[in-house]
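Visitor: Quick note on our numbering: the sequence shown kicks off at 25 and runs consecutively.
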Amino acid sequence: MSTVAPGFDFFAVGELPAPNLPAAEVAAIAAAAWGLEVELEPLGSQQDQNFLARSAADADGLPIGVVKITNPAFSATELAAQDAAAERIAAAWPELRIATTTTGPGDAAGGRPRSIVAETSEGRLAMRLLSFLDGGTLTGDGHLAPQAVARLGELAAKSSLALAGLEHPGLDRVLQWDPRFADRVVALLAPHHPDPTRRDGVVEAAESAWAIVASLADELPQQAVHLDLTDDNVVCRTEGGRRLPDGMIDFGDVTRSWAVSELAITISSVLHHAGAEPVSVLPAVRAFHELRPLAPAELAALWPLVVLRGAVLVVSGEHQVQLDGGANAYAEAGLDREWRIFEQACSVPAEVMTALIADELGLAAPETGSREAQRSASPGAPSSEALRLDVSVFADDVDGGEWLDGEALEERLALQALDAGAPAAWLPRGTPRLTASRTLSPVSPATVPLGVDVWYAEPQRLEASEHLGIDGAAQDADGVWIVPARTRIRARLGRADAPHLVRPEYAAGWLAVTLDPAPMLELGVVDGRPAAAPRAAPSLLERRDAAFAEVQEHYYDAPPQIERGWREHLADTDARVYLDMVNNVTPLGHGHLGVAAAVDRQLRRLNTNSRFNYEAVVEFSERLVALVPEPLDTVFLVNSGSEAADLAIRVALAATGRRDVVSVLEAYHGWTYASDAVSTATADNPNALETRPDWVHAVEAPNSFRGRYRGADATRYAPEAAARIRDLAESGRPPAAFIAETFYGNAGGIPLPDGYLAEVYAAVRGVGGLAIADEVQAGYGRLGDWFWGFEQQGVVPDVIAVAKAMGNGHPLGAVITTREIAARFRSQGYFFSSTGGSPASSVAGLAVLDAYAADGVQAHAADIGRQLKQNLEELASRHPLIGAVHGLGLYLGVEFVRDRETLEPATEETRAICDRLLELGVIMQPTGDHQNVLKTKPPLCIEADSADFFVEMLDRVLTEGW
Numbered sequence: 025m026s027t028v029a030p031g032f033d034f035f036a037v038g039e040l041p042a043p044n045l046p047a048a049e050v051a052a053i054a055a056a057a058w059g060l061e062v063e064l065e066p067l068g069s070q071q072d073q074n075f076l077a078r079s080a081a082d083a084d085g086l087p088i089g090v091v092k093i094t095n096p097a098f099s100a101t102e103l104a105a106q107d108a109a110a111e112r113i114a115a116a117w118p119e120l121r122i123a124t125t126t127t128g129p130g131d132a133a134g135g136r137p138r139s140i141v142a143e144t145s146e147g148r149l150a151m152r153l154l155s156f157l158d159g160g161t162l163t164g165d166g167h168l169a170p171q172a173v174a175r176l177g178e179l180a181a182k183s184s185l186a187l188a189g190l191e192h193p194g195l196d197r198v199l200q201w202d203p204r205f206a207d208r209v210v211a212l213l214a215p216h217h218p219d220p221t222r223r224d225g226v227v228e229a230a231e232s233a234w235a236i237v238a239s240l241a242d243e244l245p246q247q248a249v250h251l252d253l254t255d256d257n258v259v260c261r262t263e264g265g266r267r268l269p270d271g272m273i274d275f276g277d278v279t280r281s282w283a284v285s286e287l288a289i290t291i292s293s294v295l296h297h298a299g300a301e302p303v304s305v306l307p308a309v310r311a312f313h314e315l316r317p318l319a320p321a322e323l324a325a326l327w328p329l330v331v332l333r334g335a336v337l338v339v340s341g342e343h344q345v346q347l348d349g350g351a352n353a354y355a356e357a358g359l360d361r362e363w364r365i366f367e368q369a370c371s372v373p374a375e376v377m378t379a380l381i382a383d384e385l386g387l388a389a390p391e392t393g394s395r396e397a398q399r400s401a402s403p404g405a406p407s408s409e410a411l412r413l414d415v416s417v418f419a420d421d422v423d424g425g426e427w428l429d430g431e432a433l434e435e436r437l438a439l440q441a442l443d444a445g446a447p448a449a450w451l452p453r454g455t456p457r458l459t460a461s462r463t464l465s466p467v468s469p470a471t472v473p474l475g476v477d478v479w480y481a482e483p484q485r486l487e488a489s490e491h492l493g494i495d496g497a498a499q500d501a502d503g504v505w506i507v508p509a510r511t512r513i514r515a516r517l518g519r520a521d522a523p524h525l526v527r528p529e530y531a532a533g534w535l536a537v538t539l540d541p542a543p544m545l546e547l548g549v550v551d552g553r554p555a556a557a558p559r560a561a562p563s564l565l566e567r568r569d570a571a572f573a574e575v576q577e578h579y580y581d582a583p584p585q586i587e588r589g590w591r592e593h594l595a596d597t598d599a600r601v602y603l604d605m606v607n608n609v610t611p612l613g614h615g616h617l618g619v620a621a622a623v624d625r626q627l628r629r630l631n632t633n634s635r636f637n638y639e640a641v642v643e644f645s646e647r648l649v650a651l652v653p654e655p656l657d658t659v660f661l662v663n664s665g666s667e668a669a670d671l672a673i674r675v676a677l678a679a680t681g682r683r684d685v686v687s688v689l690e691a692y693h694g695w696t697y698a699s700d701a702v703s704t705a706t707a708d709n710p711n712a713l714e715t716r717p718d719w720v721h722a723v724e725a726p727n728s729f730r731g732r733y734r735g736a737d738a739t740r741y742a743p744e745a746a747a748r749i750r751d752l753a754e755s756g757r758p759p760a761a762f763i764a765e766t767f768y769g770n771a772g773g774i775p776l777p778d779g780y781l782a783e784v785y786a787a788v789r790g791v792g793g794l795a796i797a798d799e800v801q802a803g804y805g806r807l808g809d810w811f812w813g814f815e816q817q818g819v820v821p822d823v824i825a826v827a828k829a830m831g832n833g834h835p836l837g838a839v840i841t842t843r844e845i846a847a848r849f850r851s852q853g854y855f856f857s858s859t860g861g862s863p864a865s866s867v868a869g870l871a872v873l874d875a876y877a878a879d880g881v882q883a884h885a886a887d888i889g890r891q892l893k894q895n896l897e898e899l900a901s902r903h904p905l906i907g908a909v910h911g912l913g914l915y916l917g918v919e920f921v922r923d924r925e926t927l928e929p930a931t932e933e934t935r936a937i938c939d940r941l942l943e944l945g946v947i948m949q950p951t952g953d954h955q956n957v958l959k960t961k962p963p964l965c966i967e968a969d970s971a972d973f974f975v976e977m978l979d980r981v982l983t984e985g986w
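Here you go:
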């Protein structure tokens, strides 16, 4: 396929042992040739020898470069081509850091290159001192974030663009890493592989991949390429809490090859990293294509080239280890890594990956022979009588956690349809099935069917087709499918190796290379209309941004489309189920049937405003009063926490006839005028401190972890706050109220210092003001051992603002105070809320309280919370990024710091960790003014297995990276 090159020829050289000079000898050569006194640290290499050189004269031993001793098989012309390539990329992309040959004193052009051919104990060897680029590489098996993978693709594209015009005689070489010769390399080296099973698998996969590439070879453009732009050969900077590549090293494999080889080799290096799989490379392919578009032939050849790269790595690694007789630790350490690359490359058929990549890039997938053959199958006449079933996240039949019954639910629905007179019931192709999903999974389950499931009321004889496969039926001597009555069959059309279900990430690829068998089975019409295509979300996020105020932000840059919840789980439109560790609005869990039934029943009966006389509002108010200590006995009902806090402030202003309020720094109380005025959290409003009205006076946040007073000294916060209140009164501005969360929630679930509220409440009451307890987040049993946060502090407030948990997601809030204080609010006129305390809202609140009592919700929160906190604290003992685990019950915060002494907030890392947790099936968000605390406030119904799964996934992220 390629002419023999005049330079190095791997097949002519045969064995290629790496140089193995003692460090002392290399240091002596560096001193003699370049006048440098260095200390050397060995670095890995497959066929060369590398040392990190540190200045012996520098007390800190700072790196001054990398000594590269080139394998003697390579010529000076080839080394010159490598230098030319490095310099060309550096000139084309000045923002990239490129490892070039350093210079020393010598000529007017900036110095003489530190490049020599030295006499050594192993003969004459070329030696260069390359520039050292700090930041480290992506070497190792740690997780690579999509952002890092995309940057790899971008670097590959920039290399390809810069080298496209490079011509140099040193490019004409035959390297074992050049995909143009992959078939010959595998044939030559595979016999040396010691495992016959693996050897046969590699040979078979390589032959299949080579057949595809060979058919495309004449259409693949060739040019100069780096050919080894892998995770080992990029250097990184930390951006956004992640290490992202911004430079490249090691130009030892520069040659002329197929241009698409640059990308194939780059993305293959992703596949061995923690959690990586074929779909993980898509960000790199997309980034490459945006800069340097792939031609159709390159698209078709890309994944077969990845398979060939994996095969070459496996056989080359084993051969190199044997060749070096155990002396090449770098090659030996890479054997497992290389096998994982090969395994992952072969885990999805090349045809499927090609179609998937085409879909990702918005390109047409190459037409394949199997796909063309499938089109010959002629559809039958659709029947409008067959009943199409739905077990997607949108289906009513999966309510109440019924989807957890899996295929048993599908069977029940199908047989019910047949019993009701339908001649057939069927589940369509391409629509993700929630019944196929599972909870607590770090990877997405296979939920997308490639065929259809059908139940017939009567036995059927179905005509055979070459490409139609049916599970659950037998064929007679003529090939006719004999289908029993009331029994599930699974029909697929196309590839024989197509699985019944595939994971959503791969669905576009598999669906592109298979066809829908429904028309052949006379299905595909529902109520006289063609069966709907799989639900696509045509840029739902763009529609949201266009119609929904941008200031109403959403979680995550690329959020999943969540359309269903059950208990502590949330499900997206792909039927991926996530563990919800952040949603404190639903203490009973999502989709609670009792609350839903109560509200549904009331909406069918009556829903109006609280000025009418009806029982539910009275009973709910009485139940709330029974939950608070004396003298609190009177309830206002509203719709939200913001309204509750706002009304609590207004009640205090009216009751005292004053206008000043004292709040706490770093707190959030809501978005209404009054509740926002006393909110000082800069995470929610960066201008919070500068925009406070003059009637708001903030005292220092009593943060015992990172505040001015820490640990035992945190007792000093209360006296200072009390003194501030007294000073305001003495200055002629006695406060109407002091408002604070009873548990320091916005800072990450930090308990207030012991006695804090007792002393501050006494101070504000001492000057004639009122104590307002914001229980919006801490109240309703979240602390486990206490129903209210103020109970943990041993105090009783004058006014309580509560919401969130009250309606389990139904908009409901309350202000609870004394009859005397409430009566004074009459000075502001009368008060009512159109839907606050409506019949529907009231029965929602009653249903929640009933479930609390019946299910022991508060005690459950205490038990699970204790175990969860203990497990998180154990993580902290192993992961220094965890500075502290705050909180009580199921109101916890995991605070990340870069340094446990300085407590520098790990803000960017926290956001990145949340993104990685989402990939692993956990929904988590940061909180606090520094956004460096995991807001650990799951539904109170969370089970122990779910809490353990969260800890396991967090441990995995902190171990593997983010």
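Every residue gets a Cβ at the ideal spot worked out from N, C-alpha and C, and that includes glycine. As the structure is a prediction and not an experimental result, all values here were calculated from the model.
Might you give, ordered along the chain, the residues of its own chain that have their beta carbon closer than 6 Å to the beta carbon of Glu932, omitting 5 neighbours on each side?
Guide: In the sequence shown, counting from the first residue as 1, residue 932 sits at position 908. Taken in chain order, the residues that qualify are Gly264 and Gly265.
Visitor: Taking 7 Å as the cut-off, decide whether the C-beta atoms of Ser184 and Arg316 are in contact.
Guide: Mapped onto the sequence shown, residue 184 falls at position 160. Mapped onto the sequence shown, residue 316 falls at position 292. Yes, Cβ-Cβ distance for Ser184 and Arg316 is below 7 Å.
Visitor: With 16 as the cutoff for other CB atoms within 10 Å, does Gly31 come out buried or exposed?
Guide: For the purposes of this step, residue 31 is taken as residue 7 along the sequence shown, with counting starting at 1. Flag for Gly31 reads buried.
Visitor: Does the Cβ of Arg267 have 16 or more other Cβ atoms within 10 Å, making it buried, or fewer, making it exposed?
Guide: Within the sequence shown, the letter at position 243 stands for residue 267. Looking at its Cβ environment, which holds 16 or more other Cβ atoms inside 10 Å, Arg267 is buried.
Visitor: Are Asn663 and Pro835 touching if we call contact CB-CB under 7 Å?
Guide: For the purposes of this step, residue 663 is identified with residue 639 of the sequence shown, where counting begins at 1. For the purposes of this step, residue 835 is identified with residue 811 of the sequence shown, where counting begins at 1. Going by C-beta atoms, Asn663 is nearer than 7 Å to Pro835.
Visitor: By Cβ distance below 8 Å, which residues in the same chain neighbour Gly424 in space, the five residues on each side in sequence not counted?
Guide: Position 400 of the sequence shown, counting from 1, holds the residue named residue 424. Only Trp590, Gly615 and Leu617 meet the Cβ criterion.
Visitor: Just tell me which of Ala753, Ala705, Arg568 and Gly503 has its CA closest to the CA of Gly725.
Guide: Locating residue 725 in the sequence shown gives position 701, where the first residue counts as 1. Per the sequence shown, the amino acid found at residue 725 is Ala instead of Gly. Considering only alpha carbons, the answer is Ala705.
Visitor: Quick check on this structure: which residue in Arg683, Ala707, Ile906 and Arg682 has the alpha carbon closest to the alpha carbon of Tyr692?
Guide: The residue given as residue 692 occupies position 668 in the sequence shown. Here the closest residue by C-alpha is Ala707.
Visitor: Quick one: Cα of Gln817 to Cα of Thr766, how far?
Guide: Position 793 of the sequence shown, counting from 1, holds the residue named residue 817. Position 742 of the sequence shown, counting from 1, holds the residue named residue 766. Roughly 8 Å separates the two Cα atoms.
Visitor: Looking at the secondary structure, which residues open and close the beta strand (DSSP E) in which Met272 lies?
Guide: What you label residue 272 is simply residue 248 of the sequence shown in a count that begins at 1. Run containing Met272: Arg266 to Met272, per the beta strand (DSSP E) assignment.
Visitor: Are Gly907 and Arg935 close, meaning C-beta to C-beta below 7 Å?
Guide: Walking along the sequence shown from the start, residue 907 turns up at place 883. Walking along the sequence shown from the start, residue 935 turns up at place 911. No; because the gap between Cβ atoms is not below 7 Å, this pair is not in contact.
Visitor: Rounded to the nearest angstrom, what separates Glu529 and Gly793 at their Cα positions?
Guide: Position 505 of the sequence shown, counting from 1, holds the residue named residue 529. Position 769 of the sequence shown, counting from 1, holds the residue named residue 793. One C-alpha to the other measures close to 59 Å.
Visitor: Using only CA atoms, which one of His250, Ala382 and Val601 lies nearest to Pro584?
Guide: Numbered from 1 along the sequence shown, position 560 holds the residue referred to as residue 584. Comparing Cα positions, the closest option is Val601.
Visitor: Apply the 10 Å Cβ neighbour rule to Pro245 and answer buried if 16 or more other Cβ atoms are within range, or exposed otherwise.
Guide: One-based indexing of the sequence shown puts residue 245 at position 221. It counts as exposed.
Visitor: Using the beta-carbon count (16 or more within 10 Å), is Ala56 buried or exposed?
Guide: Against the sequence shown, residue 56 aligns to sequence position 32. Answer is exposed; the Cβ neighbour count stays below 16.
Visitor: Considering only C-alpha positions, which residue in the set Pro390, Ser139, Tyr697 and Ala736 is nearest to Glu667?
Guide: In the sequence shown, the residue the question calls residue 667 occupies position 643. Selected option, being the one with the closest Cα: Tyr697.
Visitor: Check whether the stretch 117-126 touches the stretch 144-160, counting contact only when three or more Cβ pairs, one atom from each stretch, lie closer than 8 Å.
Guide: In short, these stretches touch, since the Cβ pair count reaches three.
Visitor: Expressed to the nearest angstrom, what Euclidean distance is found between the alpha-carbon atoms of Val37 and Gln200?
Guide: On the sequence shown, residue 37 is found 13 positions in, with the first residue counted as 1. On the sequence shown, residue 200 is found 176 positions in, with the first residue counted as 1. When rounded, the distance between both Cα atoms is 11 Å.
Visitor: Taking Phe849 and Ala678 to be in contact with their CB atoms under 8 Å, please state how far apart those CB atoms are, rounded to whole angstroms.
Guide: Here the question's residue 849 lines up with position 825 in the sequence shown. Here the question's residue 678 lines up with position 654 in the sequence shown. That belief holds up - the Cβ atoms of Phe849 and Ala678 are roughly 5 Å apart, short of 8 Å.
Visitor: Which residues in the same chain have their Cβ closer than 6 Å to the Cβ of Val839, if we skip the five residues on either side of it in sequence?
Guide: For the purposes of this step, residue 839 is taken as residue 815 along the sequence shown, with counting starting at 1. Same-chain partners within the cutoff: Phe660, Ala668, Leu671, Ala672 and Ala825.
Visitor: So, is Ala886 buried or exposed, given that buried needs 16 or more other C-beta atoms within 10 angstroms?
Guide: By 1-based counting over the sequence shown, the position of residue 886 is 862. By the neighbour-count rule (16 or more Cβ atoms within 10 Å), Ala886 is buried.
Visitor: Inspect the beta-carbon positions of Val467 and Ala640 and report whether they are closer than 7 Å.
Guide: As a first step, residue 467 must be located in the sequence shown, where it is residue number 443. As a first step, residue 640 must be located in the sequence shown, where it is residue number 616. It is not a contact, given that the beta carbons lie outside the stated cut-off.
Visitor: Starting from the Cα of Cys938, find the closest Cα among Leu916, Trp986 and Thr926 and give me that residue.
Guide: One-based indexing of the sequence shown puts residue 938 at position 914. Answer by Cα proximity: Trp986.
Visitor: Taking the straight line between their C-alpha atoms, what separation do you get for Thr739 and Val881?
Guide: Along the sequence shown, one-based indexing puts residue 739 at 715. Along the sequence shown, one-based indexing puts residue 881 at 857. Those two C-alpha atoms are separated by around 32 Å.
Visitor: List the residues that DSSP assigns as beta-bridge partners of Thr951.
Guide: Start at 1 with the first residue of the sequence shown, and residue 951 comes out as number 927. The partner list for Thr951 (beta bridge, DSSP) reads Val957.
Visitor: May I ask you to verify whether the stretch 323-332 touches the stretch 222-239, counting CB pairs closer than 8 Å and requiring at least 3?
Guide: Judged by Cβ distances under 8 Å, the stretch 323-332 makes contact with the stretch 222-239, as three or more pairs qualify.
Visitor: Compute the beta-carbon to beta-carbon distance between Asp252 and Asp219, rounded to the nearest angstrom, for a pair I have assumed lies under 8 Å.
Guide: The count along the sequence shown starts at 1 and reaches residue 252 at position 228. The count along the sequence shown starts at 1 and reaches residue 219 at position 195. Actually they are not in contact, since the Cβ atoms of Asp252 and Asp219 sit about 26 Å apart, beyond 8 Å.
Visitor: Tell me the rounded alpha-carbon separation between Ala169 and Cys260.
Guide: Locating residue 169 in the sequence shown gives position 145, counting from the first residue. Locating residue 260 in the sequence shown gives position 236, counting from the first residue. Distance between the alpha carbons of Ala169 and Cys260 is about 13 Å.
Visitor: Only counting the same chain, and skipping five residues up and downstream in sequence, which positions put a Cβ closer than 8 Å to that of Leu323?
Guide: Residue numbering aside, residue 323 sits at position 299 when the sequence shown is read from its first letter. Contacts found: Thr378, Ile381, Ala382, Leu385, Leu387 and Pro390.
Visitor: Could you tell me how far apart the beta carbons of Met830 and Tyr804 are, in whole angstroms, since I believe they sit closer than 8 Å?
Guide: Residue mapping note: residue 830 aligns to position 806 of the sequence shown, counting from 1. Residue mapping note: residue 804 aligns to position 780 of the sequence shown, counting from 1. Between Tyr804 and Met830 the Cβ distance is about 7 Å, and since that is below 8 Å, they are a contact.
Visitor: Which one of Glu301, Ile291, Leu295 and Gly59 has the shortest CA to CA distance from Ala311?
Guide: Locating residue 311 in the sequence shown gives position 287, where the first residue counts as 1. Considering only alpha carbons, the answer is Ile291.
Visitor: Grab me the residues of Asp596's own chain with a C-beta within less than 6 Å of its C-beta, minus the 5 sequence neighbours each way, in chain order.
Guide: As a first step, residue 596 must be located in the sequence shown, where it is residue number 572. The residues are Pro584, Gln585 and Ile586.
Visitor: Determine, using beta carbons only, whether Gly665 and Leu807 come nearer to each other than 7 Å.
Guide: Sequence index remark: in the sequence shown, residue 665 carries index 641 (1-based). Sequence index remark: in the sequence shown, residue 807 carries index 783 (1-based). Contact: no.
Visitor: Our contact map puts Ala497 next to Val507 with C-beta atoms below 8 Å; I'd like the distance itself, whole angstroms only.
Guide: For the purposes of this step, residue 497 is identified with residue 473 of the sequence shown, where counting begins at 1. For the purposes of this step, residue 507 is identified with residue 483 of the sequence shown, where counting begins at 1. Their Cβ separation, rounded to whole angstroms, is 5 Å, which keeps Ala497 and Val507 in contact under 8 Å.
Visitor: Which class does Val336 belong to by DSSP, given the choice of helix, strand or coil?
Guide: The residue labelled residue 336 in the question sits at position 312 within the sequence shown. In this structure, Val336 counts as helix in the three-state DSSP scheme.
Visitor: Taking the Cβ atom as the reference point for each residue, do Ala332 and Ala211 lie within a distance shorter than 7 Å?
Guide: Walking along the sequence shown from the start, residue 332 turns up at place 308. Walking along the sequence shown from the start, residue 211 turns up at place 187. It should be pointed out that residue 332 corresponds to Leu in this sequence rather than to Ala. No, Cβ-Cβ distance for Leu332 and Ala211 is not below 7 Å.
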